[in-house]
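These notes are about the structure you will find just below.
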Amino acid sequence: MMTKLISIATTGLFLTITWGGLSSVKEPTKLPIISPQPDPKAESIKRGKLIYDELCMTCHLPSGEGVAPTFPPLAGSDYLMKNLTESIRGIKYGQKGKITVNGKTYDGNMPSMGLNDKEVADVTNYILNTWGNTYKGIITAQQVANIKKQ
Amino acid sequence: MLKSLYIILLFFLLPSIGCTQENEPAIATPTEMTYTTELVVPELEIPWGMAFLPDGSILVSEKTGALLLYKEGKKQSIENPPAVYTRGQGGLLDLELHPNYEENGWIYISYSSPEGGNGGHTAVMRAKLSGNRLTDQEILYKGTPNTSSGTHFGSRMEFGSDGLLYFSIGDRYSRDQNPQDITRDGGKIYRIHDDGRIPTDNPFVDEPNAKKAVYSYGHRNPQGMVKHPETGVIWVHEHGPKGGDEINLIQPSKNYGWPKITYGINYNGTTITEDTALPGMEQPFYYWVPSIAPCGMTFVTSDKYPDWKGSLLVGSLVFQYLERCVIENNQVTKREKLFENIGRVRNVRQAPDGYIYVAVEGEGIFKVVPKS
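Protein sequence lines correspond, in order, to chains A and B. Going by the numbering used here, the first residue of the first sequence is number 119, and it counts up by one from there. Going by the numbering used here, the first residue of the second sequence is number 215, and it counts up by one from there.
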């Protein structure tokens, strides 16, 4: 183990020496503001991504691919698209028990994330419109508020 | 010429490849299992802390905020638990009894506290149990400033051989602000007296602006803490990013490197740092690649498990098993997965009765017993 650590350390040193000189810090280019009117759906998706990265990514992974057989995928999930109310209820209150996602059975436990209705709507809009997923409408906080625990 | 170039290239490339592969020793399934599990406390959601009271009852904290007493086969709800910030990983977290609990009745509770508004931060309180109420609550430490982040509260606690209380606070998802800055809370192991006073020999008491309770820093999200039964050293494990979960042996004032050094990478596959070692930063005792998402840990010291005596047990949230690490000559020499598919293991402790108890999300608390 020790020798491995040393060799890893050497690689690190090698990389810093060879690449250190090249890494100049670039000023981020500022994008011009195109539309003065913010699109509510786009804004919701943007907030949703932050929530996703903070709270969902550890299980469902950055590209929504999940980890079979434990964490179901969100990217291309038929369950999500066909059972939108159930999915939102799961994000809001937690989801436990047998479900089938893209032909595979999952029998796990997703804890409640303690999000408010607006946050649930935002993260739902994000997962519904990312990684190739598309959803025509927009999920609102009011819709989430109407979904109750069963 | 070409061949020697190859060899040189290989020399530099191989170790970095090794870094993304499973770290040794590879985990194995035991060929023979002499123990099995028995569900003793059913129907729990996210059982975070477990404390074993002298009368044989078990005090359990649920992340949701509920405090439960399991006594003579019945679950009883304890009134008046602290208010908690339940976003994401936040909630009612660890439980620990005072070493002289029988005389003074102090129970230590860690939780994500919303006090002060605008989110939450990890806090530690002590309190007493009278009947089915939590009384005499005293807040001993509260991290600041609150943020809305629902991640990385840390919050495991353990009493050291010095009679002082050690606890962890995770980096609160602010890895570039907190772990390397001893004037800020988060990404630290802390040490306080049983009543919250700062020990006068804490390593940073003389540093201007430092958080005086800090004992070590450069941590990410430590959710396992146990005192070594022989050396008395505080052992901590912490969640790394993708890859790079670590076991660290805590020494005062030391910097454990996060996020300057790590064996892990970002969840999206990008690099956090090229460095796995830097001067002035501690190497882990052991690191897991891939991440097992460790939670809870205990040493097996009782006579109930002759096959496992001396091993370190660690819960795995992501792989849903209990991991047994055999430690010889100051190294992890063997790893085994126990009770595969038991569920997300949140905590594991050896109780005063000598038995190992395992808390599993969505299930409850299991007792590990010899197969009959």
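Glycine is no exception: its CB is placed at the ideal position from the N, C-alpha and C atoms.
*asked:* Could you pull the DSSP bridge partners for B:Leu378 from this structure?
replied: In the second sequence, residue 378 of chain B corresponds to position 164, counting from 1. Looking at the DSSP output, B:Leu378 sits in no beta bridge, so it has no partner there.
*Is it buried or exposed for B:Val419, if we count other Cβ within 10 angstroms and need 16 for buried?*
Stepping through the second sequence from its first residue, residue 419 of chain B is reached at position 205. By the neighbour-count rule (16 or more Cβ atoms within 10 Å), B:Val419 is not buried but exposed.
*To the nearest angstrom, report how far apart B:Gly364 and A:Glu237 are at their CA atoms.*
As a first step, residue 364 of chain B must be located in the second sequence, where it is residue number 150. As a first step, residue 237 of chain A must be located in the first sequence, where it is residue number 119. Computed Cα separation, rounded: 12 Å.
*asked:* Is there a C-beta anywhere in chain A that falls below 9 Å from the one on B:Gln534?
replied: Here residue 534 of chain B corresponds to residue number 320 of the second sequence, with the count starting at 1. Residue contact check for B:Gln534 against chain A: a CB pair falls below 9 Å.
_Within 10 Å of its beta-carbon, does B:Pro268 have 16 or more other beta-carbons around it, so buried, or fewer, so exposed?_
Within the second sequence, residue 268 of chain B is the residue found at index 54, counting from 1. Classification for B:Pro268: exposed.
*If you scan the region 354–429 of chain B from start to end, which runs of the beta strand (DSSP E) of 3 or more residues do you find wholly inside it?*
Here the runs fully enclosed are 371–373, 379–383 and 402–406.
_DSSP bridge partner residues for B:Gly578 (one or two, in chain order)_ = For the purposes of this step, residue 578 of chain B is identified with residue 364 of the second sequence, where counting begins at 1. The partner list for B:Gly578 (beta bridge, DSSP) reads B:Pro256 and B:Val574.
_Among the candidates B:Trp522, B:Asn416, B:Trp472 and B:Ile556, whose CA atom is the shortest distance from the CA of B:Gln391?_
Within the second sequence, the letter at position 177 stands for residue 391 of chain B. The alpha carbon of B:Gln391 has as its nearest neighbour, out of B:Trp522, B:Asn416, B:Trp472 and B:Ile556, the alpha carbon of B:Trp472.
_Where A:Arg165 sits in the DSSP three-state scheme_ = By one-based count along the first sequence, residue 165 of chain A stands at place 47. Under the three-state reduction of DSSP output, A:Arg165 falls in the helix class.
*Taking 9 Å as the CB-CB cut-off, is B:Ile260 touching chain A?*
On the second sequence, position 46 is the one that residue 260 of chain B refers to. Yes, B:Ile260 lies at the interface with chain A (some Cβ there is under 9 Å from its Cβ).
*asked:* Please give the ranges of any beta strand (DSSP E) in the region 504–564 of chain B, keeping only runs that are unbroken, at least 3 residues long and fully inside the region.
replied: Within the region 504–564 of chain B, the complete beta strand (DSSP E) segments at least 3 residues long are 508–513, 526–530, 535–542, 545–552 and 559–564, listed from N- to C-terminus.
*Using the C-alpha atoms, what's the distance from B:Gly305 back to A:Lys210?*
Taking the first sequence and counting its residues from 1, the one referred to as residue 210 of chain A is at position 92. Taking the second sequence and counting its residues from 1, the one referred to as residue 305 of chain B is at position 91. About 16 Å.
*Hey, is the region 253–260 of chain B in contact with the region 536–555 of chain B, meaning 3+ C-beta pairs nearer than 8 Å?*
In short, these stretches do not touch, since the Cβ pair count stays below three.
*Taking Cβ positions only, does B:Thr278 come closer than 9 Å to chain A?*
In the second sequence, the residue the question calls residue 278 of chain B occupies position 64. Output row for B:Thr278: interface = yes.
*Note down, in chain order, all residues in the region 221–232 of chain A with a beta-carbon under 7 Å from any beta-carbon belonging to chain B.*
Cβ contacts with chain B come from Asn227, Pro229, Met231 and Gly232.
*Can you check DSSP and say which residues form a bridge with B:His451?*
Locating residue 451 of chain B in the second sequence gives position 237, counting from the first residue. Beta-bridge pairing links B:His451 to B:Gly438 and B:Ile461.
*With a threshold of 16 other CB atoms inside 10 Å of the CB of B:Met247, please say whether the residue is buried or exposed.*
Start at 1 with the first residue of the second sequence, and residue 247 of chain B comes out as number 33. Exposed, by the Cβ-count rule.
*Verify the CB distance criterion: does A:Met175 have a CB-CB separation below 9 Å to chain B?*
Along the first sequence, read from residue 1 onward, the residue named residue 175 of chain A stands at position 57. Between A:Met175 and chain B, the shortest Cβ-Cβ separation is below 9 Å.
*7 Å Cβ shell around B:Glu236 - same chain, five flanking residues per side excluded*: The residue you call residue 236 of chain B lines up with position 22 of the second sequence. Cβ-Cβ distances below 7 Å link B:Glu236 to Val503 and Pro504 in the same chain, with the five nearest sequence neighbours on each side left out; the list follows chain order.
*What are the residues that DSSP puts in a beta bridge with A:Phe189?*
Translated into positions along the first sequence, residue 189 of chain A becomes position 71. Answer is A:Val185.
*Any Cβ of chain A within less than 9 Å of the Cβ of B:Ser324?*
Looking up residue 324 of chain B in the second sequence gives position 110. Output row for B:Ser324: interface = no.
*Check distances from the C-beta atoms of the region 474–495 of chain B to those of chain A and list, in chain order, the residues that come in under 7 Å.*
Going along the region 474–495 of chain B in chain order, one finds Tyr481, Asn482, Glu488, Asp489, Thr490 and Ala491 with a Cβ nearer than 7 Å to chain A.
*Members of the region 567–586 of chain B that neighbour chain A once the beta carbon cut-off is set at 9 Å*: Listed by position along the chain: Glu575, Gly576 and Glu577.
*Is B:Tyr569 closer than 9 Å to B:Lys518 when the C-beta atoms are compared?*
As a first step, residue 518 of chain B is located in the second sequence; it is residue number 304 there, counting from the start. As a first step, residue 569 of chain B is located in the second sequence; it is residue number 355 there, counting from the start. Cβ atoms of B:Lys518 and B:Tyr569: closer than 9 Å.
*asked:* Using 9 Å as the threshold, is the C-beta distance between B:Ser271 and B:Pro261 below it?
replied: Counted from its first residue, the second sequence places residue 271 of chain B at position 57. Counted from its first residue, the second sequence places residue 261 of chain B at position 47. In this structure, B:Pro261 does not lie closer than 9 Å to B:Ser271 by Cβ.
*In angstroms, rounded to a whole number, what distance separates the CA positions of B:Asn462 and B:Trp449?*
For the purposes of this step, residue 462 of chain B is taken as residue 248 along the second sequence, with counting starting at 1. For the purposes of this step, residue 449 of chain B is taken as residue 235 along the second sequence, with counting starting at 1. Between B:Asn462 and B:Trp449, the C-alpha separation is close to 6 Å.
*B:Ser387 versus chain A: which residues are under 8 Å apart at the beta carbon?*
Numbered from its first residue, the second sequence carries residue 387 of chain B at position 173. It is Tyr, not Ser, that sits at residue 387 of chain B in the sequence shown. Here the neighbours are Glu172.
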